[in-house]
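Report on the following structure.
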Amino acid sequence: MSLYPMLLLPLLLLPFAAAATPTAAISPLSQRGIIFPKESFDECFLDDAKQMAGTCKLMQDCPPALRRWLEKRESPKTCYFVKFDHYICCEPDKQPLISVTSTTTTERPTLPPLPSLKKRPSVLACYDYNNVKQLNERDITFVVSVVGGKPTAYREYPFMAALGWRSNFDERIYYRCGGALISPTFVLTAAHCIDFGGALPSQVRLGGDNLTLATGEDFNIKRAIIHPEYNASTAYNDIALLELELNAELRAPSLRPTCLWDQQELADTELMAIGYGQTRFAGLSSSQLLKVPLQWVGNEQCQIHYPPETLSLGVVATQLCAGDATRQRDTCQGDSGGPLIMQNGPLGYVVGITSLGQGCASGPPSVYTRVSSYVSWIEAIVWPGGYQEQIPLPPAPEFDLRGPI
Numbered sequence: 000m001s002l003y004p005m006l007l008l009p010l011l012l013l014p015f016a017a018a019a020t021p022t023a024a025i026s027p028l029s030q031r032g033i034i035f036p037k038e039s040f041d042e043c044f045l046d047d048a049k050q051m052a053g054t055c056k057l058m059q060d061c062p063p064a065l066r067r068w069l070e071k072r073e074s075p076k077t078c079y080f081v082k083f084d085h086y087i088c089c090e091p092d093k094q095p096l097i098s099v100t101s102t103t104t105t106e107r108p109t110l111p112p113l114p115s116l117k118k119r120p121s122v123l124a125c126y127d128y129n130n131v132k133q134l135n136e137r138d139i140t141f142v143v144s145v146v147g148g149k150p151t152a153y154r155e156y157p158f159m160a161a162l163g164w165r166s167n168f169d170e171r172i173y174y175r176c177g178g179a180l181i182s183p184t185f186v187l188t189a190a191h192c193i194d195f196g197g198a199l200p201s202q203v204r205l206g207g208d209n210l211t212l213a214t215g216e217d218f219n220i221k222r223a224i225i226h227p228e229y230n231a232s233t234a235y236n237d238i239a240l241l242e243l244e245l246n247a248e249l250r251a252p253s254l255r256p257t258c259l260w261d262q263q264e265l266a267d268t269e270l271m272a273i274g275y276g277q278t279r280f281a282g283l284s285s286s287q288l289l290k291v292p293l294q295w296v297g298n299e300q301c302q303i304h305y306p307p308e309t310l311s312l313g314v315v316a317t318q319l320c321a322g323d324a325t326r327q328r329d330t331c332q333g334d335s336g337g338p339l340i341m342q343n344g345p346l347g348y349v350v351g352i353t354s355l356g357q358g359c360a361s362g363p364p365s366v367y368t369r370v371s372s373y374v375s376w377i378e379a380i381v382w383p384g385g386y387q388e389q390i391p392l393p394p395a396p397e398f399d400l401r402g403p404i
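Read in order, the letters of the sequence shown are residues 0 to 404 in numbering that gives the first Met the number 0.
Right, here's the structure in full:
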């Protein structure tokens, strides 16, 4: 059984079925589309059988839902929106409220913050890059994103990177690997991409929705850092960083770094692979950036497809698997180094780096480097002194300073 390095993205053999439309918590009025809050809408159901009644509340006013989000990343059911305020279906809080006086006056308890959420450099950077306020019990929003296997929209993934090598024959740049911009000056990719063909990549293209068109920004590479425990003869610790010579955000404000998932467990099993890989096994690469939905596959189940004679230690904890049970979609050659994305709340997170597989949509799931296992290593290089929040410049005045006072 042969293993193929996954040089960046999806196999699109058949049209995908339309994604299911998310269902709101209240019914039947919620089925009309936009929900406008009224007193009669303030009752909702927490279960599909409509046996567990709840109350529509703001997230910050619902401690049980807030605890589940902070502890398990579990999203609540939506009741309705009032402009940008998100009302969710809230269950009665079984935990006693904290008394603030000797009288019967009560106050909402202070919930413990996520341990890594407020200090970890990669998390602070994530919210700063994406203009999201630091998460706390009063500051949480949720969005629903429905996607299918298809070409991406313009700058839909503004962190997507393509690694190019200059040919000695015609001086053209050929893109053979992918990556993800995780800071204004660093790209995350697979280690086996760094020495692809025995040579470092010549440049990185960011924001290129189509590699044949001049829609991206090209950057020279300052240095390449391969994980110290990577061995070219194995598939383990297949992770590397590329430092760019210039700040990507300063050069093109439409480029935006993505976030790193730092938890061992995933918050969702629905994942998205993106890249420019071949659309069929041994076929031509796609110049158009593509995306394909995949399902997370547990390591124990994945292990069956990668015995020791194929992968010396099998699938280990620093790896994860994803695939499509219908064998219609997969990452493919040309997809190596590309990101495997998980949508969680308002942000997308890189949970995996495309590493290896056994052929495009051949049945066995593909193997990805599990990003959460390497966040500390990444932070020590990308944010060695911790992350300092960027202070935005004040807006330009709306009046002409040259005029008379």
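All residues carry an ideal CB built from backbone N, CA and C; glycine is no exception.
Of the residues the options, the one placed nearest residue i, counting alpha carbons only
i, options, result
"G206", "S375, I340, N343, F218", "F218"
"M159", "S365, Y373, Y174", "Y174"
"P120", "R66, S182, G163", "S182"
"C78", "C192, P62, M58, A239", "M58"
"N298", "A124, Y128, A316, A272", "A316"
"M271", "G177, S201, C61, Y348", "Y348"
"A321", "K290, E308, Y305, C301", "C301"
"D46", "K76, Y156, Q202", "K76"
"N343", "S371, V291, T268", "T268"
"H191", "E228, I220, Y156, L180", "E228"
"L199", "L240, A52, N230, L210", "L240"
"G337", "L289, A52, A223, G178", "G178"
"R255", "E73, K221, G215", "G215"
"D194", "R250, S311, L210, S232", "S232"
"Y235", "L310, V291, K290, G197", "L310"
For residue i, the three-state DSSP class (helix, strand or coil)
i, result
"L162", "strand"
"G384", "coil"
"I87", "strand"
"V296", "strand"
"R119", "coil"
"R255", "coil"
"G336", "coil"
"S201", "coil"
"A48", "coil"
"C359", "Only weak support exists for where C359 lies, its pLDDT of 45 falling under 50; the value from the coordinates is given anyway. Residue state, collapsed to three classes: coil."
"D192", "Rather than Asp, the amino acid found at residue 192 in this sequence is Cys. Reduced to three states, the DSSP call for C192 is helix."
"D127", "helix"
"L210", "coil"
"A266", "coil"
"L187", "strand"
"C301", "helix"
Cα-Cα separation between residue i and residue j, rounded to whole angstroms
i, j, result
"V366", "V186", "20 Å"
"R486", "I87", "Only positions 0 to 404 of the chain appear in the structure, and residue 486 is not among them; the question remains open."
"S166", "I172", "6 Å"
"S253", "Y128", "11 Å"
"N246", "Y275", "24 Å"
"L162", "C176", "5 Å"
"I377", "Q50", "47 Å"
"E248", "I303", "43 Å"
"W68", "C61", "11 Å"
"P307", "G313", "5 Å"
"E170", "L355", "29 Å"
"A64", "G53", "11 Å"
"L123", "F168", "45 Å"
"H226", "E73", "33 Å"
"R66", "C55", "17 Å"
"L180", "Q318", "20 Å"
"S29", "W382", "In this prediction, S29 has a pLDDT of 33, which is less than 50 and means its spatial position is unreliable; nothing more can be read from the coordinates."
Within 7 Å, strictly: CB atoms of residue i and residue j
i, j, result
"T368", "I352", "yes"
"E242", "T184", "yes"
"L410", "W295", "The structure shown does not extend to residue 410, since the chain is modelled only from 0 to 404, so the question has no answer here."
"D261", "L293", "no"
"Y386", "I273", "no"
"S371", "Q202", "no"
"C125", "C258", "yes"
"Y373", "I220", "no"
"S335", "A189", "yes"
Sheet register partners of residue i (DSSP bridge)
i, result
"R222", "E242"
"Y174", "G163"
"G347", "Q342"
"T405", "Since the first and last residues shown for the chain are 0 and 404, residue 405 lies out of range."
"G53", "C43"
"A179", "M159, L187"
"E216", "L205"
"T77", "I87"
Any C-beta of chain D under 7 Å from that of residue i
i, result
"G347", "Here chain D cannot be found, since the structure has a single protein chain."
Residue i beta carbon near the ligand COA (any heavy atom closer than 6 Å)
i, result
"W260", "This structure does not include the ligand COA; it has no bound ligands of any sort."
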